[in-house]
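Notes follow once the structure below has been shown.
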Amino acid sequence: MAIVEVEYLLKKYADLTAVNRVSFEVRPGEIFGFLGPNGAGKTTTILMLTTLLKPSGGRAVVCGHDIERHPARVREAVGYVSQEIAVDEFLTGRENLWLHGKFYHMPSKELERRIAEVAHMVDLTDRLQDLVGTYSGGMRKRLDIAEGLLHRPQLIFLDEPTLGLDIQTRRKIWDYIRQLRQEGLTVFLTTHYMEEADQLCDRVAIIDRGELKALDTPQTLKAKLGGDVITVGLADSSEAACQRARELFAGLDWVSRVEAHPQGLVLISRDGDATIPRLIQAASGSGLEIASVTLKRPSLDDVFLTYTGHDLREEEGGADAFRRMTRGVRQARR
Ligand SMILES: Nc1ncnc2c1ncn2[C@@H]1O[C@H](COP(=O)(O)OP(=O)(O)OP(=O)(O)O)[C@@H](O)[C@H]1O
Ligand SMILES: [Mg+2]
């Protein structure tokens, strides 16, 4: 049985449909990823599933409880780590965890024990007595995750757990997340890092502009593309040349799809190695000059492009994202 069942879940903010009747299921024990660009509706979906936001329509059952009829039971069963870092930097790591446990009415003895366990899990045992103001970004995020785990949830929602962190710290957080799965927890995470979805998640849902575009294992999503990805840059980038090349390449053996993208024409071919000489030959035969050709095995990036018609733009996870992540802390301090 599924641990999360979502049917036609809808959220409207005035005229804007942030989440548009999405349906999906999360299986117990899996790392389930919601992959989508800024504004796709990832956080809005999580807020509804954690009962922090009321849906405009549809229904969802989380850990066996209907989110609208039994919100308190849902909150007891799940942990939630928000996109913004929510720890208080004027308290120590231990004080942050203690406060959080008390919000859940955890008895002091049990809380003490549990703090030691979760701190060990995220490698913060040695720093618990230090003020969070002295922690690095990655340590704060780990403390945040530890808070979400304190009350032993069956399912944890991690909204962009590695946003704005450097690649080593991201990998370290992936290790913690894998460890959680090993301990039997189900993990629902959102990300706009392609690599994160690919390497970490058992199944990935692609969400764009509030709509669920695809859902499967990363391997199957890539395999469904049906071959290698060839990107061709033309010397003449006019629309007429592009259209001519498109028709020409679509007629080649093994080529199943040709699409025009800002970076050039993108071809999907069952045999990329054999297609390249043929397309060069075909182009020179019809007077089209090719400026560049690249061949690669399909990535989740290509899957995303195919399902949504645009790039995910990974760079959005950079400085701007970090600013958004720390915004919550600054607001909390005011
Ligand atoms: N409180 C709100 N009032 C009005 N519009 C909102 C509100 N919260 C979110 N939105 C809009 O809903 C859409 C989805 O936002 P959401 O925060 O769910 O996206 P997201 O996928 O989490 O994006 P990001 O990657 O930037 O975190 C966006 O267009 C956003 O502007
Ligand atoms: Mg978000």
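Count the sequence shown with our numbering and you get residues 12 to 345, in order.
All residues carry an ideal CB built from backbone N, CA and C; glycine is no exception.
By a C-beta neighbour count over all protein chains shown, 10 Å radius and 16 as the cutoff for buried, is residue i buried or exposed?
| i | result |
| --- | --- |
| P288 | exposed |
| A285 | exposed |
| E327 | At E327 the pLDDT is 44, less than 50, meaning the model places this residue with poor confidence; the figure from the coordinates comes in the next sentence. Counting Cβ neighbours within 10 Å, E327 comes out exposed, since fewer than 16 surround it. |
| M205 | buried |
| R38 | exposed |
| D170 | buried |
| Y5 | Lying outside 12 to 345, the shown extent of the chain, residue 5 is not represented and no answer is given. |
| Y91 | buried |
| R344 | Note that R344 has pLDDT 42, beneath the 50 cutoff, so the model's placement of it is unreliable and the number below is only indicative. Exposed is the call here. |
| I184 | buried |
| H111 | buried |
| K1 | Here the chain covers residues 12 to 345 and nothing more, so residue 1 does not appear. |
| A261 | exposed |
| Q254 | exposed |
| A330 | Confidence at A330 is low in this model, with a pLDDT of 42, below 50, so its placement is unreliable and the value that follows should be read with caution. With fewer than 16 other Cβ atoms within 10 Å, it is exposed. |
| K22 | buried |
| A29 | buried |
| D137 | exposed |
| A251 | exposed |
| P118 | exposed |
| L20 | buried |
| P48 | buried |
| T228 | exposed |
Just to check, is the beta-carbon of residue i closer than 7 Å to a non-hydrogen atom of ligand 2?
| i | result |
| --- | --- |
| T173 | no |
| D170 | yes |
| Q9 | Within the shown structure, residues of the chain are numbered from 12 to 345, placing residue 9 beyond reach of any answer. |
Give the C-beta separation of residue i and residue j to the nearest angstrom, bearing in mind that I take them to be a contact with Cβ-Cβ under 8 Å.
| i | j | result |
| --- | --- | --- |
| L245 | L316 | Not a contact, Cβ separation roughly 19 Å. |
| I42 | D213 | 5 Å |
| V72 | V89 | That belief does not hold up - the Cβ atoms of V72 and V89 are roughly 12 Å apart, past 8 Å. |
| I167 | V198 | 6 Å |
| A293 | L263 | 6 Å |
| L60 | V129 | L60 to V129, Cβ: 22 Å. No contact. |
Using a Cβ-Cβ distance cut-off of 8 Å, determine whether residue i contacts chain D.
| i | result |
| --- | --- |
| G52 | Here chain D cannot be found, since the structure has a single protein chain. |
Go through the residues and name those whose CB comes closer than 5 Å to any heavy atom of ligand 1, in chain order.
Y24, A29, N49, G50, A51, G52, K53, T54, T55
Does the pairing of the segment 219-232 with the segment 59-78 give three or more beta-carbon distances under 8 Å?
no
Would the segment 304-321 count as touching the segment 225-236 if we require 3 or more Cβ pairs under 8 Å?
yes
Check whether the segment 146-158 touches the segment 86-105, counting contact only when three or more Cβ pairs, one atom from each stretch, lie closer than 8 Å.
yes
Touch check for the segment 192-206 and the segment 42-55: three-plus C-beta pairs under 8 Å?
yes
Three or more C-beta pairs under 8 Å: does that hold for the segment 119-135 against the segment 152-167?
yes
Would you check if there are 3 or more beta carbon pairs closer than 8 Å linking the segment 173-191 to the segment 112-125?
no
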